[in-house]
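Chain order of the listed sequences is A and B.
Using the working numbering, read the first sequence as starting at 755 and increasing by one per residue.
Using the working numbering, read the second sequence as starting at 148 and increasing by one per residue.
C-beta: ideal position from N, C-alpha, C; glycine also.
Take a look at the structure set out below.
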Amino acid sequence: MDKLLNDFSPGLFVVQTILLLLLILLMVKFAWKPIMSSLTEREEGIQGALDAAEKAKLEMQNLQADNANLLKEARAERESMLKEARDLKNKMIEDAKTEAQTQANNMIAQAQAAIESEKKSAMAELKSHVAGLSIEIAEKVVRQELSNKDKQLELVASMLNDAKLN
Amino acid sequence: MKVATQTFKFYSLVLMLFVSAFAMAENTTDPVENSGGQVDTKDKVDAYILHHIQDSHDFSLFSYTSDEGERKHFGFPLPIILWTSNGLTTFMSSEFHHNDDGHVVVEKNGLKFAKIHSKIYELDGAAASVAFDETHHATNAHKVLDLSITKSVVGVLIIGLLMLFWFTGLARQYKKRQVPTGFGRVLEPLVLYVRDEISRPNIGEKHYRKFTGYLLTVFFFIWFLNLAGLTPLGFNVTGQVAVTACLAIFTLIIYTVSGNKDYWMHMLWMPGVPVLIRPVLAIIELAGAFIIKPFSLLVRLFANISAGHIVVMSLIAIMFTLKESLGVVGATGLSLVLSFFITLIEVLVAFLQAYIFTMLSALFIGMAVAEHDHDHAHDEQGHEVSDAEDVRGDFI
């Protein structure tokens, strides 16, 4: 301790205090302040760049998800459009078929009706013809047979047989 | 940039030539008895080592004894500035002719001065020469306030100027580019290290910016001076009590001035302990803050660096002291190997001591500015729950 005190030089202490104070002030002003601010700025810059990259990555992911969604939607839309077209086609075919059917049926019905009426008119004509024929025959028979009784009966019989055959 | 480098190299060359010319010009010759002559015995080695670890008023590079028995010194003198009873007195240290035992008396400004063991004494009254008592203390002379540019002051100036040159250069580089080149690339990680490993964790995120400038200055100042002490120039600046005391007092002033309410509260009237114990604790805390902490700082640095110098020089001295028993080759070899390894360790110690001083300064400042969260830091009984930082503080 005595040696320590003896070694202590007050003059050196004073000089050292002045020089150290000067050094601290100069270093703080001309070196540490600009260095520290530049370092902080650089670190903030790096952090900012990292954050921006992270953000860009997220955005990219979002964009990709959007793209996938869009694609999916487009595919679904195409699918539905195709389905609609197919349905329309089927419906058209169906409609055409039904219409054709009804038209054919109508035509058949008309044809049948026409045939029926033709048949009826033909029958009527036939009947009237047959009636005329009968009357003619009857006239002739009557004229011939009025003279002969037996012959009259014979004729009626034969005519009745004919009528049965008819 | 290239031109600037070239210019700088040119100026360095000129400076070196100038210094060597100056050194050659100061090739002075003195009678052998003035300076002890060859250092070849154990006592002389001891005296030489003790002389070296003290501050010196000359910047001596080397000395030898010529064949004619004259002592030749290479080095240059430094200005001596004294605050005497007659006011300021200045002269060059060469006027003492390398004498260190008070036999050469210099008359200046109507006063007589003598240099005894690197201290300058002013002779009382009309005394013509220094009288000594039996313990070799001067009886008719007293010490004066010695503001000389001593070897240590030269060391401080050189390192200070180098620091300014290097770090302002680094600061300038950031204006042009984000990542420094050249020597700045070496300095930048060190700056970041002090900021991120010493300042920020010990002081805390909120306050560390204010103190980082001081911590950086002190760290590089101590480290560079420690390293300069390992060069053959033989500075022992950080082994001077005055220098380490100055550094420790700076730290003391900083943490005393910036201490917050909690800090003073915990020091003077410790909460959470019985009232009767509080004054006792206050005395212990005050002694800790104002005496023990700065004293530990100043003694640790001074003792480590001085011890390093003493050990290295003692191991070099094996060359002479063990010459008889081991022979010239054996003694020289042993000395070379041992001093080589110790010097390597000293390089580590140079960094370590700078780190410890800065680290402890940061810790003390951190303790003074720490904001205690009282709800958090006390349990139900009101005892303070010690966190890691307190434990570390107690440990140191």
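Remark: C-beta atoms of residue 777 of chain A and residue 511 of chain B do not approach each other more closely than 8 Å. Among the bridge pairs identified by DSSP, residue 226 of chain B is matched with B:239. Not a single C-beta of chain B is nearer than 8 Å to the C-beta of residue 828 of chain A. With contacts defined as CB atoms closer than 8 Å, residue 210 of chain B and residue 219 of chain B qualify as a contacting pair.
From the beta-carbon of residue 339 of chain B, the residues of chain A found nearer than 8 Å are 793. Membership of residue 765 of chain A in the alpha helix (DSSP H) is indicated by the continuous run 764–781.
Closer than 8 Å to the CB of residue 500 of chain B there is not a single CB belonging to chain A. DSSP places residue 212 of chain B outside any alpha helix (DSSP H); the residue lies instead in the beta strand (DSSP E), whose first and last residues are 205–212. With a threshold of 8 Å between beta carbons, residue 802 of chain A makes no contact with chain B.
Counting every other CB atom within 10 Å of its CB across the protein chains shown gives residue 385 of chain B a total of 16 or more, marking it as buried. Put simply, the stretch 406–416 of chain B does not touch the stretch 364–380 of chain B. Fewer than three CB pairs are less than 8 Å apart. For residue 248 of chain B, the three-state secondary structure derived from DSSP is strand.
Membership of residue 261 of chain B in the beta strand (DSSP E) is indicated by the continuous run 258–263. Per DSSP, the beta-bridge partners of residue 285 of chain B are B:279. Of B:273, B:371, B:426, B:268, the smallest CA-CA separation from residue 236 of chain B is found for B:268. Following the DSSP letters along the chain, one finds residue 432 of chain B inside the alpha helix (DSSP H) bounded by residues 424–434. Per DSSP, residue 493 of chain B lies in no beta strand (DSSP E) segment; the continuous alpha helix (DSSP H) that holds it begins and ends at 470–516. Selection B:203, B:189, B:231 evaluated against residue 292 of chain B yields B:231 as nearest (Cα-Cα). Among the residues facing chain A, residue 277 of chain B is not included, as its CB has no counterpart in that chain under 8 Å away. From the listed residues A:866, A:789, A:896, A:762, the smallest Cα separation to residue 323 of chain B is found for A:789. At a cut-off of 8 Å between beta-carbon atoms, residue 780 of chain A makes contact with chain B. Taking 8 Å as the cut-off, the beta carbon of residue 486 of chain B is found no closer than this to the beta carbon of residue 469 of chain B.
Less than 8 Å divides the Cβ of residue 465 of chain B from the Cβ of residue 482 of chain B. Per the coordinates, the alpha-carbon of residue 876 of chain A lies some 16 Å from the alpha-carbon of residue 887 of chain A.
Close CB contacts of residue 399 of chain B within its chain, under the 6 Å cut and outside five residues either way in sequence, are with 441 (chain order). Within the stretch 303–314 of chain B, the residues whose Cβ lies closer than 8 Å to any Cβ of chain A are, in chain order, 303, 304, 307, 310, 311, 314.
DSSP places residue 293 of chain B in the strand class (E or B) of the three-state scheme. At least one CB atom of chain B sits nearer than 8 Å to the CB of residue 785 of chain A. When CB distances to chain A are screened at a threshold of 9 Å, the residues of the stretch 395–418 of chain B falling below it are 396, 397, in chain order. In the three-state DSSP reduction, residue 266 of chain B falls in the strand class (E or B). Counting C-beta pairs closer than 8 Å gives three or more between the stretch 275–283 of chain B and the stretch 242–259 of chain B, which meets the contact rule. Below the 8 Å Cβ cutoff, chain A contributes 766, 769, 770, 773 as neighbours of residue 300 of chain B, in chain order.
Inclusion of residue 306 of chain B and residue 516 of chain B in the CB contact set at 8 Å is not warranted, their separation being larger than that value.
With its beta carbon at least 8 Å from every one in chain B, residue 805 of chain A lies outside the interface.
The distance from the Cβ of residue 507 of chain B to that of residue 444 of chain B is about 6 Å, consistent with a contact at the 8 Å cut-off. Residue 294 of chain B reaches chain A at 765, 768, 769, counting residues in chain order whose Cβ is nearer than 7 Å.
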